[in-house]
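Asks: Those protein sequence lines, which keep their order, are chains A and B. Our numbering puts the first residue of the first sequence at 2, with every later residue one more than the last. Our numbering puts the first residue of the second sequence at 36, with every later residue one more than the last. Every residue, glycine too, gets a C-beta built ideally from N, C-alpha and C. My questions all concern the structure below.
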Amino acid sequence: MLTYAIKRVGLAIVILFTVMFAMYALVFLVPGDPASLALGPRATPALKAELIARMGLDRPVPVQVWNFFASALHGNLGYDVWSRRPVAAQILEVFPNTLFLGAMALGWAAALGVALGCLAVVWRGTLIDRLLGILSVSMIAVPPFVIALYALAVFAVWLGWLPAIGAGTPGDPVSQFRAVLLPAFAIGITWVGYLARLVRASMLEVMGANHIRTARAFGLSEARIVGRYALRVAIIPTIAVLAVGFGSILSSAVFVETVFSRPGIGMLIVSAVAKRNYPVVMGTVLFMTAFYLLVVTAADLLIARLDPRVRDAFRG
Amino acid sequence: MTAPLLDVRGLSLSYGPVRALRGVSIDARAGEIIGIVGESGCGKSTLASALIGLPAPGATVAGEVRIAGEDFLALPEARRREWRGARVAMVFQDPMTSFNPVLTLGDQLVDFQHRSPVPRAEKRARAAAILARVGLPDPDLALRRHIHELSGGMRQRAAIAAALLMRPMLLVADEPTTALDVTMEAQIIHLLRELRAEHQGAIVVITHHLGVIGELCDRVYVMYAGEVVEEGTVDEIYHSPRHPYTRALIDCDPAHIDGPAGRLPTIPGRLPDLTGTLRGCAFQPRCPRAGPRCLALAPPRVAFGPTQAAFCHEAGR
Numbered sequence: 002m003l004t005y006a007i008k009r010v011g012l013a014i015v016i017l018f019t020v021m022f023a024m025y026a027l028v029f030l031v032p033g034d035p036a037s038l039a040l041g042p043r044a045t046p047a048l049k050a051e052l053i054a055r056m057g058l059d060r061p062v063p064v065q066v067w068n069f070f071a072s073a074l075h076g077n078l079g080y081d082v083w084s085r086r087p088v089a090a091q092i093l094e095v096f097p098n099t100l101f102l103g104a105m106a107l108g109w110a111a112a113l114g115v116a117l118g119c120l121a122v123v124w125r126g127t128l129i130d131r132l133l134g135i136l137s138v139s140m141i142a143v144p145p146f147v148i149a150l151y152a153l154a155v156f157a158v159w160l161g162w163l164p165a166i167g168a169g170t171p172g173d174p175v176s177q178f179r180a181v182l183l184p185a186f187a188i189g190i191t192w193v194g195y196l197a198r199l200v201r202a203s204m205l206e207v208m209g210a211n212h213i214r215t216a217r218a219f220g221l222s223e224a225r226i227v228g229r230y231a232l233r234v235a236i237i238p239t240i241a242v243l244a245v246g247f248g249s250i251l252s253s254a255v256f257v258e259t260v261f262s263r264p265g266i267g268m269l270i271v272s273a274v275a276k277r278n279y280p281v282v283m284g285t286v287l288f289m290t291a292f293y294l295l296v297v298t299a300a301d302l303l304i305a306r307l308d309p310r311v312r313d314a315f316r317g
Numbered sequence: 036m037t038a039p040l041l042d043v044r045g046l047s048l049s050y051g052p053v054r055a056l057r058g059v060s061i062d063a064r065a066g067e068i069i070g071i072v073g074e075s076g077c078g079k080s081t082l083a084s085a086l087i088g089l090p091a092p093g094a095t096v097a098g099e100v101r102i103a104g105e106d107f108l109a110l111p112e113a114r115r116r117e118w119r120g121a122r123v124a125m126v127f128q129d130p131m132t133s134f135n136p137v138l139t140l141g142d143q144l145v146d147f148q149h150r151s152p153v154p155r156a157e158k159r160a161r162a163a164a165i166l167a168r169v170g171l172p173d174p175d176l177a178l179r180r181h182i183h184e185l186s187g188g189m190r191q192r193a194a195i196a197a198a199l200l201m202r203p204m205l206l207v208a209d210e211p212t213t214a215l216d217v218t219m220e221a222q223i224i225h226l227l228r229e230l231r232a233e234h235q236g237a238i239v240v241i242t243h244h245l246g247v248i249g250e251l252c253d254r255v256y257v258m259y260a261g262e263v264v265e266e267g268t269v270d271e272i273y274h275s276p277r278h279p280y281t282r283a284l285i286d287c288d289p290a291h292i293d294g295p296a297g298r299l300p301t302i303p304g305r306l307p308d309l310t311g312t313l314r315g316c317a318f319q320p321r322c323p324r325a326g327p328r329c330l331a332l333a334p335p336r337v338a339f340g341p342t343q344a345a346f347c348h349e350a351g352r
C-alpha cells in the first residue's frame, strides 16, 4: 500500500511540474509581451518598462522559470498586476466559496445518483427502471447553463424563493446555504443522471457475479449481500468517476459563478483574463491543477484501500 | 436400507421454452458419495443450482427436492435461506470468481457462519481450523488474504472449507476439480475421500470427468439432455453400461483407449433442441441401436439388478 501511495503521489507531482512548465510557456507563446498586452497600445514606455521589471520579464528566461518555480513552491504565486496584492491571498479569499459550491453540487448529485442507480437495479426491467433511464439521460443531455438560466428565472425571479446573485453574507451560514442552492443544482444535475447510469450498470454487473451467488448459497440476507458484497465492489469505479467529476464541476464554476455573480475561483479567472492579469491567471490555474490532482490522488488511494487487486497490481 | 438423505423426485426446470431439466430423480443416503456425469449442456450445473434452490433468474422449477424428509423447494424463501450453508452447502465450480474479490477470505468465512450464535473470534478460529483440515499450510495467513492472492489449489481447498463450515448434511460439489491440474486434482479427490469418512452427510459430485467419478463415487447418475439416462454403482456403469449413451461416453474417455489411436472417438450428432417437448427418446437421433419405438415412445426404466437401471427401449435386449 505504501509503495502504491508513493507512486501515486510522485505521479501527481510530475504532472503538476509539467503543468507549471506549460503555464509558463504560455507567456512566451502569446504574441506581444505580456506588459504591453496588459497596458494597451497607448501606454508610455516608462510605464511599460516599470511593469516589465515588476513582472521580472527583463531577466533571462531560465532565471524567470526558476523564480516562478521557486516562489510557487514557497506558496508565492506572484502579484496582481493592478492591485499588487499577492495572488495566493486572492485565491484563498474566494476559494472556500468555490469549494463549497463544488462540494454541495457533487454531494447532492452523488447521493441522488447512487440512490437512483440502486433503485433501478432493485426494479430492473420494470417501468420504473425505464423511466429512471429516460430521466437520467435527459439530465445528462441538457446543458448546465440552460438549467442555470431556467432555475434562475423560476426560483429567483418568478417565485423569489432564493437569491439570484452572490454567495450570501459572510459569516451567515443560512444565507450562504440559500445562495449555493441554485448554482449547485445547475451544475450537479448532469452528474445525477450520469452517476445513476454508472451505478446501475456497475451494480447489475456485480449482482450477476459468481461471488454474489456464493453469498446467497450461504444464506446471507439480500440486504447484507447488496450492502456489503455488491456495493463494496460496485462503488469502486464510481469513486474514480466522482473524483474526475469534481474536477469537471470546478471548471463548470467558471460559467456558473458568472451567471450567478458568485465570488469564486471562476469569477477570479474570468476577470483576470479580461484584464490581461497574467500572474492571477497563472496562479489560479496552477492552484486549481494542484487541487484537482490532490482530489484525484486521494480517490486513487481510497480505491486502493477498498480494492486489494489495484494495490497488488502496483506492487513492484 | 435407510431412508435417503437426499431424495429428488421428478425435478423439472425450464427457462421460458427451454426445458433444461426434465423429470430428474436421484437419491443419496448418508455417508454416500454420488456422481452426476454428462457432457456440457446436459443440465448438470442446472441440477446443482436447483438442489440449493438457487436457479438462475427467470427459471420455473417443479418437482421435489427432499432433504432429510422435508421438501426444500416447497419451503418459503426465508426458511430456505436458513438451510443454505447450514444443511445444504455448495462447492462452486470456479473458486477464483466464487469468492468476493474485495473482502478477505477470513471476513467471508466468518460471514458464512452468520447463523451460528458464537462470538466472532470463535468463528474465525473455526474457519482457521477448517482451513487447516483441508490442508492449507498457514490458515491464519490465508484468512487475512484476498482470493486473488491464493494459488488455484488453495482456492479450491478454501471453497471446500467454506462449504464444510456449518457441517451441512448435504454437500454439493459442482466440478470441484475442473479448474485444477492433474496433481492438484488427485490431491482434492484424496481430500474429498478423507472428508467423506468424517462427514456424516451425503456428497453429490457433479463433473464431466469420468475419472473423478471412478475415484470418488459410490454410485453414478448419467445425464443426457436434462434427463437421467442410467444409474448404477461405479462398477456397473464402468464395466457393464446398459444405455447406449453411457457406452458411447465411456468409449470416448481417453483413459479407455489402449495403444495409438488416430482420431479420438466422438459421439456423432449433437445435443437435441431442449425447447418444447421431446417425442420418444432424447438420445434416439444419435443412437446406433435406435428402433421405431424410440421415435414414438418415452423410454421405460429398465432395472438390471438392485442398483442399476437404464432408461432405454433397447437396453434389455
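1) Is it buried or exposed, A:Thr99, if we count other Cβ atoms within 10 angstroms and call 16 or more buried?
2) Give me whichever residues DSSP pairs with B:Phe346 in a beta bridge.
3) Could you tell me the alpha carbon to alpha carbon distance between A:Leu153 and A:Gly284, rounded to whole angstroms?
4) Given that a residue counts as buried once 16 or more other Cβ atoms are within 10 Å of its Cβ, and exposed if not, what is B:Ala38?
5) Within a Cβ cutoff of 8 Å, which residues of the same chain sit near B:Ile223, ignoring the five residues on either side of it in sequence?
6) On a Cα-Cα basis, can you pick out the residue from A:Glu206, A:Asp130 and A:Phe292 that is closest to A:Gly194?
7) Residues in its own chain within less than 6 Å of A:Val260 by CB, not counting five upstream and five downstream?
8) Which residue from B:Gly45, B:Arg57 and B:Ile71 puts its Cα closest to that of B:Val239?
9) Near B:Pro130, which residues of its chain fall below 6 Å by C-beta distance, leaving aside the five closest residues on each side in sequence?
10) Please report the straight-line C-alpha distance between A:Gly114 and B:Leu227, rounded to a whole angstrom.
11) Just the Cα atoms here: how many angstroms apart are A:Phe247 and A:Pro280?
12) Please state whether DSSP places A:Val10 in a helix, a strand or coil.
13) Only counting the same chain, and skipping five residues up and downstream in sequence, which positions put a Cβ closer than 8 Å to that of A:Val95?
14) At a Cβ threshold of 7 Å, is B:His244 touching chain A?
15) Quick check on this structure: which residue in B:Leu82, B:Leu178, B:Arg231 and B:Asn135 has the alpha carbon closest to the alpha carbon of A:Arg214?
16) So which residues of chain A does B:Val137 contact, with C-beta pairs closer than 7 Å?
17) Are the beta-carbon atoms of B:Leu41 and B:Ala331 separated by less than 7 Å?
18) Quick one: list the residues of chain B neighbouring A:Asn68, beta-carbon separation under 8 Å, in chain order.
19) Who are the Cβ neighbours of B:Glu74 in its own chain at under 7 Å, not counting the five residues just before and after it?
20) Taking the alpha helix (DSSP H) that B:Thr81 falls in, what are its first and last residues?
21) Whose Cβ in chain A lies nearer than 9 Å to the Cβ of B:Arg161?
22) Quick one: residues in its chain with C-beta nearer than 6 Å to the C-beta of B:Glu349, no 5 flanking neighbours on either side, listed in chain order?
23) Between the Cα of A:Ala197 and those of A:Asn211, A:Arg125 and A:Ala121, spot the shortest distance and give me the residue it belongs to.
24) Measuring alpha carbon to alpha carbon, tell me which residue in B:Ala124, B:Ala65, B:Ala97 and B:Gly93 is nearest B:Gly104.
25) Can you give me, in chain order, the residues of the stretch 185–214 of chain A that have a beta carbon less than 7 Å from any beta carbon in chain B?
26) Residues of chain B with CB under 8 Å from A:Tyr230, in chain order?
27) Shorter than 7 Å from the beta carbon of B:Ile87 to some beta carbon of chain A?
28) Taking only the alpha-carbon atoms, compute the straight-line gap between B:Ile61 and B:Leu108 and give it to the nearest angstrom.
29) Look up A:Ala71 in the DSSP assignment and say whether it is helix, strand or coil.
30) Run down chain B in chain order and give the residues with a C-beta less than 9 Å from the C-beta of A:Leu160.
31) Leaving out five residues before and five after B:Gly93 in sequence, what residues of the same chain have Cβ atoms less than 8 Å from its Cβ?
32) Assuming B:Ile25 contacts B:Glu265 under a Cβ cut-off of 8 Å, what Cβ separation, rounded to an integer in Å, is found between them?
33) Would you tell me roughly how many angstroms separate the C-alpha atoms of A:Trp159 and A:Tyr151, rounded to the nearest one?
34) Does A:Ala218 come within less than 7 Å of chain B when only Cβ atoms are used?
35) For A:Met21 and A:Leu287, which I take to be in contact (beta-carbon distance under 8 Å), what is that distance rounded to the nearest angstrom?
36) Give the single residue among B:Asp253, B:Phe339 and B:Arg150 whose Cα lies nearest to the Cα of B:Arg119.
Replies: In short, the structure shows the following:
1) buried
2) Answer is B:Arg336.
3) Here the C-alpha atom of A:Leu153 lies approximately 31 Å from the C-alpha atom of A:Gly284.
4) exposed
5) Taken in chain order, the residues that qualify are Gly188, Gln191, Arg192, Ile195, Pro211, Thr212 and Leu215.
6) A:Asp130
7) Ala149
8) B:Ile71
9) Arg190, Gln191 and Ala194
10) Between A:Gly114 and B:Leu227, the C-alpha separation is close to 48 Å.
11) 25 Å
12) Secondary structure of A:Val10 (DSSP, three-state): helix.
13) Pro264, Gly265, Ile266, Met268 and Leu269.
14) Put simply, the CB of B:His244 is far from chain A, with every gap to its CB atoms at 7 Å or more.
15) Among B:Leu82, B:Leu178, B:Arg231 and B:Asn135, the Cα nearest to that of A:Arg214 is on B:Asn135.
16) Residues of chain A passing the Cβ test: Arg233, Val234, Leu307, Asp308 and Pro309.
17) no
18) What A:Asn68 touches in chain B: nothing, since even the nearest Cβ is about 48 Å away.
19) Excluding sequence neighbours, B:Glu74 sits near His243.
20) Lys79 to Leu86
21) None at all; the shortest Cβ gap to chain A is about 14 Å.
22) These residues qualify, in order along the chain: Arg324.
23) A:Ala121
24) B:Ala65
25) Ala210, Asn211, His212 and Arg214
26) Asn135 and Leu138
27) yes
28) 15 Å
29) helix
30) Within chain B, no residue comes near A:Leu160; the closest Cβ sits about 46 Å away, beyond 9 Å.
31) Tyr50 and Gly51
32) Nothing can be reported for residue 25 of chain B: it is not among the residues displayed for chain B, which extend from 36 to 352.
33) In this structure, the CA atom of A:Trp159 is about 10 Å from the CA atom of A:Tyr151.
34) yes
35) 6 Å
36) B:Arg150
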